[in-house]
Every structure is written in structure tokens, then in C-alpha cells.
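Participant: So the sequence shown is numbered by this note's numbering: it starts at 35 and just counts up by one. Each residue gets a CB set at the ideal place from its N, CA and C atoms; glycine is no exception. Since we're looking at a predicted model, the values are computed, not measured.
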Amino acid sequence: MTAVPEITVRKVDLQDPEWKPRFEAFYAGRQVKRLRAKPHAYFAAFAGGELAGHSVIYFDKGRWIMDGLLVKPEFREMGVAKRLTEARIRHAIEQGAPEIWYACDDGNLVTICCHLRFGFQKVCPDKHRCTAATAHWYRLPVTPELKGKFLK
Numbered sequence: 035m036t037a038v039p040e041i042t043v044r045k046v047d048l049q050d051p052e053w054k055p056r057f058e059a060f061y062a063g064r065q066v067k068r069l070r071a072k073p074h075a076y077f078a079a080f081a082g083g084e085l086a087g088h089s090v091i092y093f094d095k096g097r098w099i100m101d102g103l104l105v106k107p108e109f110r111e112m113g114v115a116k117r118l119t120e121a122r123i124r125h126a127i128e129q130g131a132p133e134i135w136y137a138c139d140d141g142n143l144v145t146i147c148c149h150l151r152f153g154f155q156k157v158c159p160d161k162h163r164c165t166a167a168t169a170h171w172y173r174l175p176v177t178p179e180l181k182g183k184f185l186k
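As C-alpha cells, then:
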């Protein structure tokens, strides 16, 4: 049995000349949302100094939205996604978010289960006509209990 490396998560700046090439290599061949004009935060997870995962949270139309969670296959099932999600939730709470959102394909059960553990619930945003099959949005209300858990 191999030892699970220690996972560390930190906020990163895409314009940092040391970080930018690592980000671009990590997302090579994937479409990435560029958020220069919107308030946002990128987070990277490292395992033993190696980039293991990456994610973003951004503010749009009055909502903090989590997006772009990606974990390298060799680091899956080690808690990387959980740690990145915790960092994004903490960031949104620190920014005063009353709720946090994310969208996900219904077939992405790993991501859905990860977020349900935090208390996210599937919802249909205002002005959308959703059915259970077409609602892909999840919302987490920021309660005093949630603040207490993340702002220790």
C-alpha cells in the first residue's frame, strides 16, 4: 500500500509568471473560463510539491459560483476535490456570500456526491423552467453553522 501524500491547497494568481505555465500545462486541451473582469479566486492543490488539482470560484450576477474543478487521475480519491471545495467555500464566506452555487452535469455523480456532503441542494434558478432532468444548479445557503465551520 502506498502512502497518501500530504495535500496542501493555496490561492494562486494566474498572472504570476511562475504559476501561469503550470496552469496552462495542467489545463492543456481543455476549455477554461477566463475571469479577468469578475471578482474571482483560483485555488491549486499540491501533493508533495506536484500539482494535483485546480479550481476556481467567481462572482457573477450577484452569486458566488464554483467552477473548473479538476483533479489529476493519479490523485483522485485522496481528498483533493474536498480540500479544493473547502477552500472555495471559505473564500465565498469570507467575501460575505449569502449562498454559494455550482452547476454540474447530472451524470457527474462523483462531483455531485462531493458537493452534497457539504449541504448543496439541487435547485432551479429564478426565471428558468426546470425539470429534474434539466436542473443542473446546486445551491448552498451560508448559515451561521456553516460560517462557524469554515471561519475558525
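Quick check: the Cα distance between Ala75 and Glu111, rounded to an integer number of angstroms?
Facilitator: Their backbone Cα atoms lie some 24 Å apart in a straight line.
Participant: Roughly how many angstroms lie between the CA atoms of Cys138 and Pro39, to the nearest whole one?
Facilitator: Near 28 Å, if we compare the C-alpha coordinates of Pro39 and Cys138.
Participant: May I have a chain-ordered list of the beta strand (DSSP E) segments no shorter than 3 residues that lie completely inside the region 47-114?
Facilitator: Listed in chain order, the complete beta strand (DSSP E) runs (minimum 3 residues) inside the region 47-114 are 74-81, 84-94 and 97-105.
Participant: With three or more beta-carbon pairs closer than 8 Å as the criterion, would you say the region 96-105 touches the region 127-138?
Facilitator: Contact between the region 96-105 and the region 127-138 is present, because at least three Cβ pairs lie under 8 Å.
Participant: Whose C-alpha, out of Thr145, Leu85, Ile41 and Asn142, is nearest the C-alpha of Lys106?
Facilitator: It is Leu85.
Participant: Between Lys186, Leu174, Phe184 and Val43, which has its C-alpha nearest Gly113's C-alpha?
Facilitator: For the residues Lys186, Leu174, Phe184 and Val43, the minimum Cα distance to Gly113 belongs to Val43.
Participant: Please name the residue, chosen from Arg56, Ala62 and Lys186, that lies closest to Gly83 on a Cα-to-Cα basis.
Facilitator: Nearest of Arg56, Ala62 and Lys186 to Gly83, Cα basis: Arg56.
Participant: In angstroms with no decimal places, state the Cα-to-Cα distance between Pro175 and Gly87.
Facilitator: Cα to Cα, Pro175 sits roughly 25 Å from Gly87.
Participant: Whose C-alpha, out of Ala131, Lys156, Lys186 and Leu185, is nearest the C-alpha of Gly96?
Facilitator: For Gly96, the nearest C-alpha among the options comes from Ala131.
Participant: If we call anything under 8 Å between Cβ atoms a contact, is Ala79 one with Arg122?
Facilitator: Cβ atoms of Ala79 and Arg122: not closer than 8 Å.
Participant: Quick one: is Met35 buried, meaning 16 or more other Cβ sit within 10 Å of its Cβ, or exposed?
Facilitator: Because the pLDDT of Met35 is 47, which lies under 50, any placement of that residue in the model is unreliable, and the number read from its coordinates should be weighed accordingly. Exposed: under 16 other Cβ atoms inside 10 Å.
Participant: I need the straight-line Cα distance from Val46 to Lys186, nearest angstrom please.
Facilitator: Their backbone Cα atoms lie some 22 Å apart in a straight line.
Participant: Taking all protein chains shown into account, decide if Val144 is buried (16 or more other Cβ within 10 angstroms of its Cβ) or exposed.
Facilitator: Result: exposed.
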